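According to my numbering, the sequence shown is numbered sequentially starting from 337.
By construction, the Cβ of each residue, glycine as well, lies at the ideal position given by its N, Cα and C atoms.
Predicted model only: the values in this text are computed from it and were never measured.
These notes are about the structure you will find just below.
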Amino acid sequence: MPQTEKKLAELLPVDSSRIPWYPFLRSSKGIIVPIKCLKCHFDNPDDTIYCGKCGTPLKSAKEISITKTLITPTEKLQKGSTVAGRYQILEELGRGGMGVVYKAEDTKLKRTVALKFLPPELTHVPEIKTRFMREAQAAAALDHPNICTVHEFDETEKTSFISMAYIEGQSLKKKIESGPLELDEAIRIALQVAEGLRKAHKSGVVHRDIKRRSWILD
């Protein structure tokens with residue numbers, strides 16, 4: 337086995353069944369509601385066709401995903417508005433199936449942060465809110481240069497949100513779309529991704545939704 341492949345194999349232990357939620361690994365992507373396999377009861381990402389544990393065909397996400405059935409357009413926060421008495425909204429960074437992320441200024445600590453909001457219409461769904469909070473707790477327990485730092489979980493009258501470090505840069509997806517990566521650069525990025533995942537795995541957290549747009553290159 338080539339040395340690079342051997343290194344990656346060592347950094348990526350396989351255990352996708354330990355924790356059914358998704359930590360932030362330098363990602364602004366919304367939390368995903370898993371699809372439970374009717375045969376082995378394994379939680380799978382909502383865009384999965386077959387169970388990742390036993391291979392059983394799953395119902396389509398359109399049939400059972402809360403993302404597809406409950407989401408309605410979330411009210412957009414205006415630039416300059418204040419959240420929780422301290423976060424001043426600067427701009428919207430992106431929207432996912434179950435959340436929206438804003439760039440904001442923490443006026444108390446004088447730092448730029450990213451705020452990930454749970455849509456108001458899902459705040460009162462106990463399972464969703466619990467998963468959202470557990471996602472924050474799982475990510476907050478991870479301290480690694482390749483994992484986005486979570487500052488806090490908080491709530492307003494309308495919704496819940498997570499405050500995390502703002503990463504200045506572009507996603508791996510946009511980087512690749514701009515042109516082919518040099519071999520050395522691709523290896524460097526892959527190793528950093530693997531290092532972040534290794535830290536998460538050692539802490540008992542499995543991401544299970546690794547995509548190019550989930551990684552920010554600073």
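Do residue i and residue j have their CB atoms nearer than 8 Å?
| i | j | result |
| --- | --- | --- |
| Ser-496 | His-487 | no |
| Tyr-438 | Leu-413 | yes |
| Ala-450 | Tyr-423 | no |
| Leu-553 | Gly-505 | yes |
| Leu-508 | Arg-534 | no |
| Pro-456 | Lys-494 | yes |
Taking 8 Å as the CB-CB limit, is residue i close to chain C?
| i | result |
| --- | --- |
| Ser-499 | Annotation note: the requested chain C is absent from the structure, which comprises a single protein chain. |
With 16 other CB atoms within 10 Å as the buried threshold, where does residue i fall?
| i | result |
| --- | --- |
| Ser-550 | buried |
| Ile-402 | Caution is warranted here: a pLDDT of 37 is assigned to Ile-402, below 50, making its placement in the model unreliable, and the coordinate value is therefore given only provisionally. When all chains shown are included, Ile-402 counts as buried. |
| Asp-379 | buried |
| Pro-516 | exposed |
| Ala-475 | buried |
| Ala-477 | exposed |
| Ala-536 | buried |
| Pro-462 | exposed |
| Ala-420 | exposed |
| His-543 | buried |
| Pro-393 | exposed |
| Ser-417 | exposed |
| His-460 | exposed |
| Tyr-358 | Because Tyr-358 carries a pLDDT of 33, less than 50, the predicted location of this residue cannot be relied on, and no value is offered for it. |
| Ser-396 | At Ser-396 the pLDDT is 45, less than 50, meaning the model places this residue with poor confidence; the figure from the coordinates comes in the next sentence. Burial call: exposed. |
| Glu-471 | buried |
| Gly-532 | buried |
| Leu-454 | buried |
| Ile-503 | buried |
| Ile-464 | buried |
| Cys-387 | buried |
| Lys-452 | buried |
| Ile-295 | Any property of residue 295 remains undetermined from this structure, which presents the chain solely from 337 to 554. |
| Gly-435 | buried |
| Arg-524 | exposed |
Can you give me the start and stop residues for the beta strand (DSSP E) that residue i sits inside?
| i | result |
| --- | --- |
| Leu-454 | Here Leu-454 belongs to no beta strand (DSSP E), and DSSP marks it neither H nor E. |
| His-487 | 486-491 |
Looking at the secondary structure, which residues open and close the alpha helix (DSSP H) in which residue i lies?
| i | result |
| --- | --- |
| Gly-535 | Going by the sequence as given, residue 535 is Lys instead of Gly. Taken as a continuous stretch (DSSP letters only), the alpha helix (DSSP H) holding Lys-535 covers 519-538. |
When DSSP builds the beta bridges, which residues end up paired with residue i?
| i | result |
| --- | --- |
| Gln-506 | Leu-553 |
| Lys-372 | Asp-379 |
| Ile-425 | Ala-440 |
| Val-461 | Answer is none; Val-461 lacks a bridge partner. |
| Met-500 | Ala-450, Val-486 |
| Val-542 | Partner(s): none; Val-542 has no beta bridge. |
| Thr-495 | Answer by DSSP bridge pairing: none, since Thr-495 is not bridged. |
| Gly-430 | Val-437 |
| Thr-418 | Gln-424 |
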